[in-house]
Amino acid sequence: MAAKRLAVDPAGLTVPQYAALYVLADSPGISGAALARSCQVTPQAMAVLLKHLTERGLVERAPHPWHRNVLETRLTDRGRAALELADERATEIEQCLADEFTEAEQEQFRAFLQRAERALRRAAADLG
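Heads up: the sequence shown begins at 1 in the UniProt record's numbering, then just goes up one per residue.
Encoded structure:
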């Protein structure tokens with residue numbers, strides 16, 4: 001996590017802010033609650049994060065045309081530029097990590113992560 005923090009810092013972002021901008025790039029107009037779920041944080045934490053991003057001009061929020069109590073969130077040009085810079089640097093960090101493993105090891109690692117994800121989803125389903 002320290003490496004990713006160092007990667008996104010020159011863009012003026014924290015890792016959670018980077019994650020939110022990354023999701024917003026793929027899901028323009030998403031609500032704060034849906035963004036919180038995607039980033040795996042509480043809605044309250046996302047509200048604070050979005051307040052800071054809005055104040056810095058990185059995102060803009062506007063009422064949904066049909067559901068006035070839902071605010072749509074979108075990247076601004078400034079937010080998109082910050083994301084591009086941070087993403088470029090984060091990708092360099094990820095490539096350094098990938099370079100440490102052979103293709104076969106990377107494939108095996110992905111398979112392990114997929115198994116772990118399935119196990120966690122089953123456990124969550126059993127609890128809820």
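Glycine is no exception: its CB is placed at the ideal position from the N, C-alpha and C atoms. Remember, predicted model here, so these are calculated numbers, not experimental data.
Complete alpha helix (DSSP H) runs within the region 1-74 (minimum length 4 residues, chain order): 2-8, 15-26, 32-39 and 43-55
Through-space distance from Glu100 to Phe109, alpha-carbon basis: Along the sequence shown, read from residue 1 onward, the residue named residue 109 stands at position 109. Along the sequence shown, read from residue 1 onward, the residue named residue 100 stands at position 100. Cα-Cα distance, rounded: 12 Å.
Reduced DSSP secondary structure (H/G/I, E/B, other) of Gly128: Residue numbering aside, residue 128 sits at position 128 when the sequence shown is read from its first letter. Gly128 falls in the coil class under three-state DSSP.
Are the beta-carbon atoms of Glu72 and Ala62 separated by less than 7 Å? Taking the first residue of the sequence shown as 1, we reach residue 72 at position 72. Taking the first residue of the sequence shown as 1, we reach residue 62 at position 62. Going by C-beta atoms, Glu72 is nearer than 7 Å to Ala62.
Determine the extent of the alpha helix (DSSP H) in which Asp87 is found, giving its start and end residues. The sequence position of residue 87 within the sequence shown is 87, counting from 1. From DSSP, the alpha helix (DSSP H) with Asp87 extends over Asp77 to Ala98.
Are the Cβ atoms of Lys4 and Ala90 separated by less than 7 Å? Stepping through the sequence shown from its first residue, residue 4 is reached at position 4. Stepping through the sequence shown from its first residue, residue 90 is reached at position 90. In this structure, Ala90 lies closer than 7 Å to Lys4 by Cβ.
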